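A short worksheet on the structure shown next.
Residue numbers (the working numbering): 3 to 234.
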């Protein structure tokens, strides 16, 4: 990769500014000054520094977002605020997009990435990755509801795979796990058994749990172990 592109893609500075830094002798590769913007480097092996500061370039980014209500799972929207507005400035240049969706009034765990293959593996029903939600209902859940979820449900536009319903000590508060992510799926499945969802929060995707210390509206990079846990 060209040296100027590597530094620019890291988010350090715009490409025009990077070229000035290189010409000014501010950039070194493996400890040696380099003054050619088109110098080729190995982005997986070479050490690049600008003014002594180590530059790291990652082709892909994977962020955990604690989505608040009032945001839509989109990169842009004419009516509502897209979740991409919540991406920290230092990651904005990666052009990450939401992996899957959460309704505008649903909060909790949402992954943002620019890795299309990764996104497909997370959201495809073929991988059977269950998403876990905490829900508050207008009526008490019953044992018969558990059986209805386990049997799967057929709707006009799709057939829901067998789902899991866990009733807590307060039967109006439940946990639901689904392997798809269809539009309003959790709410529609609850309506099928005569309940209305009053509050909904996603707390887990596969083996990845929402960081309890991550404030609402905040995002942070996923660790390698967290990324792996999604598919375990």
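Built from N, CA and C at the ideal position, the CB exists for glycine as well. These numbers come from a predicted model, not from an experiment.
Does the beta-carbon of residue 187, which I'm using as the reference point, lie nearer than 6 angstroms to any heavy atom of the ligand MN? Looking for the ligand MN in the displayed structure turns up nothing, as the structure carries no ligands at all.
To the nearest angstrom, how far is the alpha carbon of residue 207 from that of residue 31? Rounded to the nearest whole angstrom, the C-alpha separation of residue 207 and residue 31 is 40 angstroms.
Continuous beta strand (DSSP E) stretch holding residue 137: start and end: DSSP places residue 137 inside the beta strand (DSSP E), whose first and last residues are 133-139.
Can you tell me which of the three DSSP states residue 120 falls into? Here residue 120 sits in helix by DSSP.
N-terminal and C-terminal residue of the alpha helix (DSSP H) that residue 228 is part of: 226-232
Residue 151 classed as buried or exposed, judged by whether at least 16 other C-beta atoms fall within 10 angstroms: buried
Classify residue 223 as helix, strand or coil using the three-state DSSP reduction. strand
Which value, in whole angstroms, describes the spacing of the CA atoms of residue 48 and residue 225? 22 angstroms
Given a threshold of 16 other Cβ atoms within 10 Å of its Cβ, counted over all protein chains shown, does residue 82 qualify as buried or as exposed? exposed
Indicate whether residue 221 and residue 65 have their beta-carbon atoms separated by less than 7 angstroms. yes
Buried or exposed: where does residue 44 fall if 16 or more other Cβ atoms within 10 Å of its Cβ makes it buried? exposed
Could you have a look at residue 9 and say whether DSSP puts it in helix, strand or coil? helix
Applying the 10 Å Cβ sphere with the 16-neighbour rule, what's the burial state of residue 185? Classification for residue 185: exposed.
Measuring alpha carbon to alpha carbon, tell me which of 178, 60 and 160 ends up nearest residue 223. 60
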